[in-house]
């Protein structure tokens with residue numbers, strides 16, 4: 001991959017489903033099965049991550065679009081969050097002169113441009129997790145009820161939808177079950 | 181169920197063929213939401229067959245063709261056998277053994293849960309979201325939530341207040357984001373019991389919906405004793421995340437799921453909060469959709 005100007009970040013495009021909502025963007029990561037909701041500020045920054053627009057230019061754009069003061073500190077905070085969500089081609093390393101204000105000051109600035117929740121993330125559940133527990137398991141595989149989706153089983157089984165099933169069952173792949 | 185047209189998978193792998201050779205007395209193929217499912221059983225016990233048929237998913241219809249997408253096999257144990265291994269009943273999905281137990285009730289419950297999941301995961305043209313649903317003034321109230329979040333309790337209270345019953349388990353969405361009925365009997369848990377008791381909706385004085393409805397309100401709630409329902413609104417993005425966390429094919433069909441969910445949040449209000457007793461929450465929920 002070509003080395004880019006770290007001050008002109010590039011948004012990731014591969015393996016993403018992108019839905020434009022009013023003032024927000026919903027991004028689904030097909031690789032990690034994670035969904036991210038970008039607020040308006042994060043959306044504006046992410047859309048400008050074209051590998052050419054610099055952080056300073058993004059700050060000016062934010063100020064113009066939001067009609068409220070926004071500087072490079074805000075943009076760096078957004079980029080850091082976008083990087084953590086794997087929505088940039090390369091994770092951002094903050095330069096020495098990156099965020100120059102205190103944490104409290106940064107929070108105040110983010111509050112002014114639309115809130116601290118820049119990117120909210122959630123993991124898409126495997127199918128079996130979105131299933132009502134119908135019963136506790138009976139012998140011979142003593143399985144506790146799936147209360148709070150924290151099932152435990154004994155033997156070579158996992159608790160899936162309230163039932164003891166084989167650990168190798170494809171239906172339970174990815175479940176937060178543990179085999180003792 | 182009949183023995184003449186035993187269901188079989190579209191493609192039979194070698195290990196499944198080994199299971200096929202064990203001998204099967206009866207079977208049935210059915211379609212539910214476009215998914216073709218087959219059940220076969222080792223013994224033609226009429227009582228057992230009836231119990232298995234009773235746990236088929238909502239809206240199933242017998243299929244003419246024995247070729248199925250998913251095949252479940254039930255081998256009944258021999259109660260009189262001196263060997264403990266032979267007394268066990270077994271449930272298979274394809275070639276995978278899901279359960280081995282002397283408890284036939286366990287087999288029936290496991291099959292019911294597997295059939296529901298199979299249809300919810302692979303239904304064609306529909307997205308299944310884990311949620312209770314009622315209809316009110318031509319719009320749907322959707323109550324997403326995982327196990328033990330109190331969905332059914334809230335649905336039952338809404339029904340008693342005059343809402344139309346749609347589902348206590350799944351919001352079945354089409355591509356427009358409209359919700360279709362999945363009016364299975366309500367499974368209400370009694371104090372201290374994990375397993376729910378089934379009540380036909382009519383027994384609770386409910387009318388079951390028959391037509392799809394647009395979603396008017398999505399309410400995410402968690403029960404806490406003594407709490408008062410003071411929900412906050414969610415933005416469309418936050419609402420989609422919350423719905424996605426309860427969507428069965430979120431991983432397997434994310435594009436279709438997101439399309440349907442986007443339609444829902446574009447037209448519905450979404451709120452989240454802690455609630456107290458269901459009866460105290462019902463009025464506030466219904467007021468949201470007053471004409």
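Protein chains in written order, with this note's numbering: chain C, 1 to 180; chain L, 181 to 471.
Every residue gets a Cβ at the ideal spot worked out from N, C-alpha and C, and that includes glycine.
In this text the structure is predicted, and so the values were computed from the model without any measurement.
Can the beta-carbon of residue 254 of chain L be found closer than 7 Å to that of residue 221 of chain L?
yes
Distance between beta carbons of residue 401 of chain L and residue 461 of chain L, contact taken as under 8 Å
7 Å
Let me make sure I understand the geometry here. Which of C:41, C:91 and C:48 has the alpha-carbon closest to that of residue 69 of chain C?
C:41
Using a threshold of 7 Å, state whether the C-beta atoms of residue 337 of chain L and residue 230 of chain L are closer than that.
no
Just the chain L side, please: which residues come within less than 7 Å of residue 19 of chain C by C-beta, in chain order?
438 and 442
Cβ separation of residue 199 of chain L and residue 272 of chain L, assumed to be a contact under 8 Å, to the nearest whole Å
6 Å
For residue 279 of chain L, collect the residues of the same chain with a Cβ closer than 6 Å to its Cβ; drop the 5 residues on either side in sequence, then sort them by chain order.
271 and 290
As an exercise, report each continuous beta strand (DSSP E) stretch of at least 3 residues that is fully enclosed by the segment 379–406 of chain L, in chain order.
395–403
For residue 26 of chain C and residue 417 of chain L, which I take to be in contact (beta-carbon distance under 8 Å), what is that distance rounded to the nearest angstrom?
5 Å
Integer Cβ distance of residue 24 of chain C from residue 43 of chain C, believed to fall under 8 Å
6 Å
Can the beta-carbon of residue 351 of chain L be found closer than 7 Å to that of residue 314 of chain L?
no
Flag this pair as yes or no: are the beta carbons of residue 428 of chain L and residue 236 of chain L separated by less than 7 Å?
no
What's the C-alpha gap between residue 52 of chain C and residue 110 of chain C?
24 Å
What does the Cβ neighbour count give for residue 302 of chain L, buried or exposed, with the cut at 16 atoms within 10 Å?
buried
Listed by chain order, chain C residues near residue 418 of chain L by CB distance under 9 Å:
24, 37, 117 and 120
Does any CB atom of chain C fall closer than 7 Å to the CB of residue 425 of chain L?
yes
For residue 255 of chain L, which of helix, strand or coil comes out of DSSP?
strand
Residues that DSSP places opposite residue 445 of chain L in a beta bridge
Paired residues: none, contrary to the question.
Could you pull the start and end residues of the beta strand (DSSP E) that residue 212 of chain L belongs to?
206–212
Residue 181 of chain C to residue 54 of chain C span [Cα, whole Å]:
This structure cannot settle anything about residue 181 of chain C, because the visible part of chain C is limited to 1 through 180.
Quick check: the Cα distance between residue 398 of chain L and residue 310 of chain L, rounded to an integer number of angstroms?
12 Å
Check whether chain C comes within 7 Å of residue 363 of chain L, counting only Cβ atoms and requiring the distance to be less than that.
no
Which residues in chain C have a C-beta closer than 8 Å to the C-beta of residue 459 of chain L? List them in chain order.
Those do not exist, as residue 459 of chain L stays about 22 Å from chain C at its closest Cβ, beyond 8 Å.
Endpoints, beta strand (DSSP E) assigned at residue 320 of chain L:
319–324
Does residue 86 of chain C have its Cβ less than 7 Å from a Cβ in chain L?
no
Cβ closer than 7 Å: which chain C residues qualify as neighbours of residue 435 of chain L?
17
Just the C-alpha distance for residue 284 of chain L and residue 379 of chain L, rounded to the nearest angstrom, thanks.
22 Å
Could you tell me which whole beta strand (DSSP E) segments of length 3 or greater appear in the segment 221–248 of chain L?
none
Any C-beta of chain C under 7 Å from that of residue 415 of chain L
yes
With 7 Å set as the bound, which would you pick, yes or no: does the beta-carbon of residue 124 of chain C sit closer than that to a beta-carbon of chain L?
yes
DSSP state of residue 185 of chain L, grouped into three classes?
coil
Local conformation of residue 52 of chain C per DSSP, three classes:
coil
For residue 196 of chain L, I'd like the list of residues in its chain whose CB is within less than 7 Å of its CB, leaving aside the five on either flank, ordered along the chain.
189, 274 and 275
Quick one, which of L:214, L:365 and L:316 has its alpha-carbon nearest residue 465 of chain L's?
L:316
Taking the alpha helix (DSSP H) that residue 45 of chain C falls in, what are its first and last residues?
40–47
Mind checking residue 19 of chain C: buried by the 16 CB within 10 Å criterion, or exposed?
buried
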